[in-house]
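Scroll down for the structure; my scribbles are underneath it.
Numbering (the numbering used here), first residue to last: 7 to 219.
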């Protein structure tokens, strides 16, 4: 089965065009001001207009309230919501019910207990995104180029849908797909020349390698 590809942290039209040209399946729009990949409503609207129906749009939110999520959905014409904070299963279910869109829940992984914790989101989330756990004093919950031990996912049954994030780059994404059989791979810093600055060449290479795995 083809592995879907998401390029997260798209914030410019040039990066969007590169993701579309590379035939990525999704882009991620980050609605989290501390992130160097943050987009405001104006930028999100311009990206959504340019994207049209050529690529899926996922909005990333970190412990956001309903008002911010609603603004992001409208501006980015979002097709799915990625919750990347400390949202509980109840909050995930609430967001899904409130906005009637698929909800992806990012789960930070460092140990097998973290993977087990993802079980609690089975009935609430449409997709679990396993990401690397960042240091406790980190300013951001992701997008730092960190990876985790993929063998921790060996016991995961795969329901609901799931994806793999955390330190994925051109030089390791094929191994990640072969090792985990992830239905979706998600990269952000792995296709950047600097924090928040996407590299069109790396996006192209990443997508080509992921599709060939």
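Backbone N, C-alpha and C fix where the C-beta goes; we use that ideal spot for every residue, glycine too.
Got a sec? Which residues, its chain only, sit under 6 Å from residue i by beta carbon, not counting five neighbours each side?
i, result
"residue 81", "47, 50 and 51"
"residue 91", "68 and 69"
"residue 130", "95, 98 and 99"
Does the Cβ-Cβ distance between residue i and residue j come in under 7 Å?
i, j, result
"residue 210", "residue 28", "yes"
"residue 169", "residue 152", "no"
"residue 62", "residue 23", "no"
"residue 109", "residue 98", "yes"
"residue 64", "residue 88", "yes"
"residue 190", "residue 10", "yes"
Would you give the residue range spanned by the beta strand (DSSP E) that residue i belongs to?
i, result
"residue 86", "86 to 89"
"residue 32", "32 to 36"
"residue 45", "Residue 45 -> no beta strand (DSSP E), and no H or E assigned at all."
"residue 113", "109 to 115"
"residue 199", "198 to 200"
Excluding five sequence neighbours on each side, which residues of the same chain lie with their C-beta closer than 8 Å to the C-beta of residue i?
i, result
"residue 116", "138, 139 and 154"
Use the C-beta contact count for residue i: other C-beta atoms within 10 angstroms, 16 or more gives buried, fewer gives exposed.
i, result
"residue 192", "buried"
"residue 12", "buried"
"residue 163", "exposed"
"residue 198", "buried"
"residue 184", "exposed"
"residue 213", "buried"
"residue 93", "buried"
Could you give the first and the last residue of the continuous alpha helix (DSSP H) run that contains residue i?
i, result
"residue 217", "206 to 218"
"residue 104", "95 to 105"
"residue 79", "72 to 82"
Here's a check: name, in chain order, each residue in its chain whose Cβ is nearer than 7 Å to the Cβ of residue i, leaving out the five neighbours to either side.
i, result
"residue 134", "111, 113, 124, 127, 166 and 168"
"residue 132", "108, 109, 110, 166 and 167"
Check whether the Cβ of residue i lies closer than 7 Å to any Cβ atom in chain C.
i, result
"residue 76", "Here there is only one protein chain, and chain C is not present."
* If we count Cβ pairs, one from each stretch, closer than 8 Å, do we get three or more for the region 197 to 210 versus the region 157 to 172? -> The region 157 to 172 and the region 197 to 210 do not touch, with fewer than three beta-carbon pairs separated by less than 8 Å.
* Is it a yes or a no for the region 100 to 109 touching the region 72 to 87, going by three-plus beta-carbon pairs under 8 Å? -> At 8 Å Cβ cutoff, the stretches touch.
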